[in-house]
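In the order they appear, the protein sequences are chains U and S. Under this note's numbering, the letters of the first sequence match residues 143 to 569, in that order. Under this note's numbering, the letters of the second sequence match residues 143 to 569, in that order. Glycine included, C-beta positions come from ideal geometry on N, C-alpha and C. Everything below concerns the one structure shown next.
Protein chains: 2
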Amino acid sequence: MQKSNQNTNIILAEIITIGDEILYGQVIDTNSAFMGAELGKIGIKIKQITSVSDDATHIKKSLDDARTRADVILITGGLGPTKDDLTKTTLASYFGVGLKLDEQSLADVTEIFRRHGREVTEINRQQAFLPENCQAVRNVLGTAPGMWFEVDNKIMVSMPGVPFEMKRMMTDTVLPRLQQYFGLPKINHKVIMTIGIGESFLAEKIADWEDNLPKNIKLAYLPNLGSVRLRLTGFDTGIDDLEAQMQAEVDKLSKIIPEYIFAYGEVSLPEAIGNLLKKHYLTISTAESCTGGNIAHKLTTISGSSAYFKGSIVAYSNAVKVEQLGVSETTLETFGAVSEETVSEMAQNIRQLMKTDIGLATSGIAGPTGGTSDKPVGTIWIAYADAHQTVAKKLNFNRTRELNIEYTTMFALNLVRQSLPEAFRNG
Amino acid sequence: MQKSNQNTNIILAEIITIGDEILYGQVIDTNSAFMGAELGKIGIKIKQITSVSDDATHIKKSLDDARTRADVILITGGLGPTKDDLTKTTLASYFGVGLKLDEQSLADVTEIFRRHGREVTEINRQQAFLPENCQAVRNVLGTAPGMWFEVDNKIMVSMPGVPFEMKRMMTDTVLPRLQQYFGLPKINHKVIMTIGIGESFLAEKIADWEDNLPKNIKLAYLPNLGSVRLRLTGFDTGIDDLEAQMQAEVDKLSKIIPEYIFAYGEVSLPEAIGNLLKKHYLTISTAESCTGGNIAHKLTTISGSSAYFKGSIVAYSNAVKVEQLGVSETTLETFGAVSEETVSEMAQNIRQLMKTDIGLATSGIAGPTGGTSDKPVGTIWIAYADAHQTVAKKLNFNRTRELNIEYTTMFALNLVRQSLPEAFRNG
Chain U
143 MQKSNQNTNI ILAEIITIGD EILYGQVIDT NSAFMGAELG KIGIKIKQIT
193 SVSDDATHIK KSLDDARTRA DVILITGGLG PTKDDLTKTT LASYFGVGLK
243 LDEQSLADVT EIFRRHGREV TEINRQQAFL PENCQAVRNV LGTAPGMWFE
293 VDNKIMVSMP GVPFEMKRMM TDTVLPRLQQ YFGLPKINHK VIMTIGIGES
343 FLAEKIADWE DNLPKNIKLA YLPNLGSVRL RLTGFDTGID DLEAQMQAEV
393 DKLSKIIPEY IFAYGEVSLP EAIGNLLKKH YLTISTAESC TGGNIAHKLT
443 TISGSSAYFK GSIVAYSNAV KVEQLGVSET TLETFGAVSE ETVSEMAQNI
493 RQLMKTDIGL ATSGIAGPTG GTSDKPVGTI WIAYADAHQT VAKKLNFNRT
543 RELNIEYTTM FALNLVRQSL PEAFRNG
Chain S
143 MQKSNQNTNI ILAEIITIGD EILYGQVIDT NSAFMGAELG KIGIKIKQIT
193 SVSDDATHIK KSLDDARTRA DVILITGGLG PTKDDLTKTT LASYFGVGLK
243 LDEQSLADVT EIFRRHGREV TEINRQQAFL PENCQAVRNV LGTAPGMWFE
293 VDNKIMVSMP GVPFEMKRMM TDTVLPRLQQ YFGLPKINHK VIMTIGIGES
343 FLAEKIADWE DNLPKNIKLA YLPNLGSVRL RLTGFDTGID DLEAQMQAEV
393 DKLSKIIPEY IFAYGEVSLP EAIGNLLKKH YLTISTAESC TGGNIAHKLT
443 TISGSSAYFK GSIVAYSNAV KVEQLGVSET TLETFGAVSE ETVSEMAQNI
493 RQLMKTDIGL ATSGIAGPTG GTSDKPVGTI WIAYADAHQT VAKKLNFNRT
543 RELNIEYTTM FALNLVRQSL PEAFRNG
């Protein structure tokens with residue numbers, strides 16, 4: 143949690159999402175979480191998040207209410223081209239203005255259609271007509287432009303509900319404009335990425351450091367899938383060098399928990415592993431059973447991963463384990479597919495087959511079926527192999543199938559970091 | 143969009159979540175989605191979802207506002223044992239009542255501690271003290287009981303924010319009590335899953351059908367990654383058979399857009415493809431370049447997928463394409479990795495290597511780097527091969543790397559559906 147800084151003028155924001163999909167639980171509202179987090183980072187406090195239906199009267203009432211409390215109102219949803227999307231016309235009627243064509247928006251939507259080799263349709267052309275009192279916010283990823291309104295020193299912004307379109311508009315346009323408009327005080331963030339230790343154990347380990355943080359620096363714990371992001375927020379209270387003050391605290395922390403820190407800054411684990419491999423000219427391949435290709439997928443979401451990731455064999459059936467991966471039938475029969483012996487062979491063989499420095503393998507029971515009394519659901523083996531050593535590790539999870547797969551992927555990637563010779567380990 | 147039915151007595155609900163974690167985007171609000179969906183299923187319309195901070199004044203204002211609009215107010219969060227958790231004391235002060243010990247709640251919390259071999263602590267004992275004007279809602283999974291208030295023919299229920307505790311209380315107590323209290327009318331939902339056609343083209347194609355829907359049936363478009371979910375909501379206005387009335391509309395729709403419908407009901411594309419394969423005893427393997435294992439990953443998130451998915455070779459480097467997948471070097475040199483010829487060989491070879499009925503392959507430039515003037519970023523080839531035919535298709539995307547991968551995965555899975563012989567195609 144971030145506490146407001148009493149010395150500065152706090153800007154308050156509210157988020158309004160429009161559409162029955164969220165109300166009826168057909169869509170989970172991840173947009174508000176993104177917007178709340180991003181606004182928090184530039185020092186804007188969130189007062190309230192409100193989800194309302196596509197109902198003009200209710201939308202207008204929510205806008206009125208939000209304006210009594212907040213300086214910034216971000217609205218998402220209801221900008222699609224179909225009849226049930228009411229946001230734009232409701233905003234025009236709320237402000238008592240008409241719609242006018244925005245040429246840039248029309249050019250953008252025409253370009254999107256051109257790229258698909260099509261003529262822009264009439265209903266999509268209509269999307270380029272915007273309330274007269276707004277500035278368009280460009281949407282380079284979709285057909286609905288955003289709208290920026292300045293009313294009584296308050297900012298209201300309407301954006302599409304499609305997450306990647308909204309995110310791009312926030313990052314490219316809305317956040318920078320808000321910073322500029324309100325002349326926001328300087329806030330600095332430092333993020334330290336940890337893995338391999340739970341939130342409460344971590345909190346115990348760093349309690350002394352946390353208690354001794356300067357008053358203008360706040361700490362937040364942000365756990366996600368076995369990783370805990372530590373975020374320091376520093377408020378500029380007129381000290382000489384906020385950056386240096388914060389870096390000194392990060393340096394102290396690094397000495398307390400070096401083994402758990404995999405990156406500084408907003409770096410995902412696959413990205414951190416990628417950076418490590420790239421830096422040392424190491425290559426990797428994966429042999430995946432229970433993770434079903436998810437490690438390869440996570441590694442290849444990183445642009446430039448072809449420099450170190452060569453490929454994977456997803457060996458879901460035992461036949462593929464034997465025929466493509468060359469796991470010995472004796473090993474499979476004696477120890478089973480979910481065993482230290484099988485997973486070690488998988489890791490060793492994939493690195494030889496794909497001629498990589500490192501081979502990484504998984505074999506386990508993701509569930510919900512397939513468990514036995516010996517090997518219940520969530521029993522998982524992971525292995526790392528390089529030219530000198532093979533390291534295998536047994537994991538036990540008791541979560542949903544999807545989470546068992548995600549956790550295994552994270553732990554397997556972390557095994558690379560843990561198993562690399564000391565000299566390579568810290569990037 | 144759903145409009146309220148003027149002929150029946152609609153019960154309106156609001157959801158209020160309390161806590162800074164949601165406002166600051168540290169936690170995604172999945173609770174409201176669950177509650178919204180469950181309330182919708184018993185015919186309660188959600189008017190608004192509101193997230194506020196742990197601030198007594200703001201909480202009380204939200205309760206006042208919600209009471210002007212709704213008959214049911216469900217509140218989650220702020221029931222922990224620590225000082226930041228204000229919900230219970232705020233509710234008591236809101237109603238102007240004191241707290242009294244609830245014996246059953248004390249027995250429940252004592253039992254939870256006993257199970258862990260501990261004596262109940264004083265702060266947890268305090269959790270059994272509830273506002274005098276409420277009925278306790280049992281929490282068998284945690285230490286904070288829920289609270290059920292009946293005020294002026296309106297129901298207010300406070301529950302913990304821990305998702306599994308809240309869900310259990312909803313299912314066991316809150317939903318049945320609400321149904322009984324309001325004697326609720328019937329609402330029905332039908333979902334039709336489509337892929338391969340954008341929302342606006344789809345809307346044009348089915349405009350006549352949509353315009354002619356009976357007044358008590360509403361349609362919503364829910365697009366996601368190249369797929370559009372169509373949701374019909376039917377309100378029982380005393381007609382003979384709502385289910386039959388709605389099914390008749392679904393049947394009409396099936397005849398208008400058969401080629402785009404991949405499932406009826408809430409079924410994902412990987413699940414629908416899985417069901418299709420399982421039903422016809424067909425097996426599949428994938429050879430993935432630009433999708434990097436994501437098709438295998440998506441297929442294997444489905445429990446039971448080992449019945450039809452055998453494995454994958456992720457051939458990220460050309461060496462792996464040649465050595466593991468057996469793509470001819472001549473093909474690669476003549477046409478390049480991103481070509482109809484290469485992707486067709488990949489699909490044909492993987493099905494032979496893994497001895498499956500179907501081979502599915504992808505090769506393309508996911509971006510943001512790697513594009514050429516001939517083959518810009520987003521140029522992607524996908525191919526399907528079975529014993530009788532190979533079908534290759536060129537795609538063009540212009541999105542982020544991650545989305546290019548997700549879209550390619552969806553289109554490749556859809557290619558299976560499109561390429562299967564007619565007899566297999568519709569499940």
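* Asked: Going along chain U in order, which residues have a C-beta closer than 7 Å to the C-beta of residue 458 of chain S?
  -> 442, 448, 451, 452 and 453
* Asked: Using 9 Å as the limit for Cβ to Cβ distance, is residue 554 of chain U near chain S?
  -> Contact with chain S is absent for residue 554 of chain U, since none of that chain's Cβ atoms lies less than 9 Å from the residue's Cβ.
* To do: Identify the contact partners of residue 439 of chain S in chain U, using a Cβ-Cβ distance below 7 Å as the criterion.
  => 434, 435, 436 and 439
* Asked: To which residues of the same chain is residue 359 of chain S closer than 8 Å at the C-beta, ignoring the five residues directly before and after it?
  -> 374, 375, 376, 377, 387, 388 and 391
* Asked: Does DSSP classify residue 156 of chain S as helix, strand or coil?
  -> strand
* Asked: Is the segment 424–437 of chain S close to the segment 394–409 of chain S, with three or more CB pairs under 8 Å?
  -> no
* Contact between the segment 208–217 of chain S and the segment 162–171 of chain S: three or more CB pairs below 8 Å? -> no
* Identify whether residue 277 of chain S lies in helix, strand or coil by the three-state DSSP scheme. => strand
* **From U:450, U:408 and U:527, residue whose alpha carbon lies closest to that of residue 482 of chain U** => Considering only U:450, U:408 and U:527, the residue with the shortest C-alpha distance to residue 482 of chain U is U:527.
* Which residues, taken in chain order from the segment 163–177 of chain S, show a beta carbon closer than 9 Å to some beta carbon of chain U? -> The segment 163–177 of chain S vs chain U, Cβ under 9 Å: 163, 164, 165, 166, 167, 168, 169, 170, 171, 172, 174, 175, 176 and 177.
* Backbone CA spacing between residue 202 of chain U and residue 278 of chain S [nearest angstrom] -> 37 Å
* To do: Could you tell me which of S:423, S:485, S:495 and S:479 sits nearest to residue 455 of chain U, measuring between CA atoms?
  => S:495
* Identify each residue in the segment 476–504 of chain U for which the Cβ-Cβ distance to at least one residue of chain S is less than 9 Å, and report them in chain order. => 495, 496 and 497
* **For residue 405 of chain S, the nearest candidate out of S:502, S:425 and S:370 (CA to CA)** => S:370
* Residue ranges of each beta strand (DSSP E) within the segment 450–521 of chain S, 3 or longer -> 451–457 and 500–506
* Asked: Alpha carbon to alpha carbon, what distance is there between residue 233 of chain S and residue 224 of chain S?
  -> 16 Å
* **residue 421 of chain U burial status per 10 Å Cβ neighbour count (16 or more: buried)** => Per the 10 Å Cβ criterion, exposed.
* Residues within the segment 537–550 of chain S neighbouring chain U, beta-carbon criterion of under 8 Å -> Within the segment 537–550 of chain S, the residues whose Cβ lies closer than 8 Å to some Cβ of chain U are 538, 540, 541, 542, 543, 544, 545 and 547, listed in chain order.
* Members of the segment 364–379 of chain S near chain U, C-beta cut-off 9 Å -> 364, 365, 366, 371, 373 and 375
* Asked: By DSSP, does residue 292 of chain S sit in helix, in strand, or in coil?
  -> Three-state DSSP puts residue 292 of chain S in a strand.
* Verify whether the separation of the beta carbon atoms of residue 316 of chain S and residue 216 of chain S is less than 9 Å. => Contact: yes.
* Establish whether the CB of residue 333 of chain U and some CB of chain S are separated by less than 9 Å. => no
* Could you work out which residues of chain S lie near residue 265 of chain U, taking near to mean beta carbons separated by less than 9 Å? => 342, 345 and 346
* To do: Just the C-alpha distance for residue 246 of chain U and residue 303 of chain U, rounded to the nearest angstrom, thanks.
  => Between residue 246 of chain U and residue 303 of chain U, the C-alpha separation is close to 21 Å.
* Which residues bound the beta strand (DSSP E) around residue 430 of chain S? -> 426–430
* **Contact set between residue 224 of chain U and chain C, taken where Cβ atoms lie within less than 8 Å** => Among the chains of the structure shown, chain C does not appear; the protein chains present are U and S.
* the segment 319–330 of chain U in contact with the segment 248–266 of chain U per 3-pair CB rule at 8 Å -> No, the segment 319–330 of chain U is not in contact with the segment 248–266 of chain U.
* Asked: Closer than 7 Å, Cβ to any Cβ of chain S: which residues of the segment 273–285 of chain U, in chain order?
  -> Correct list: 283.
* To do: Spatial neighbours of residue 566 of chain S within its chain, please: CB distance less than 8 Å, with the 5 preceding and 5 following residues excluded, ordered by chain position.
  => Closer than 8 Å at Cβ, skipping near neighbours: 418, 422 and 424.
* **CB contact check: residue 207 of chain U to chain S, cutoff 9 Å** => Taking Cβ atoms only, chain S reaches closer than 9 Å to residue 207 of chain U, which makes this a yes.
* So, does the CB of residue 160 of chain S fall closer than 9 Å to a CB anywhere in chain U? -> no
* What's the C-alpha gap between residue 183 of chain U and residue 175 of chain U? -> 12 Å
* Write down every uninterrupted run of the beta strand (DSSP E) in the segment 174–254 of chain U whose length is 3 residues or greater and which is fully enclosed by it, in chain order. => 186–194, 214–218 and 241–243
* Check whether the Cβ of residue 204 of chain S lies closer than 9 Å to any Cβ atom in chain U. => yes
* Any non-hydrogen atom of the ligand NAD closer than 8 Å to residue 233 of chain S Cβ -> In the structure on display, the ligand NAD does not appear, and there are no ligands present to speak of.
* Can you tell me whether residue 539 of chain U is buried or exposed, with buried defined as 16 or more other CB within 10 angstroms of its CB? -> buried
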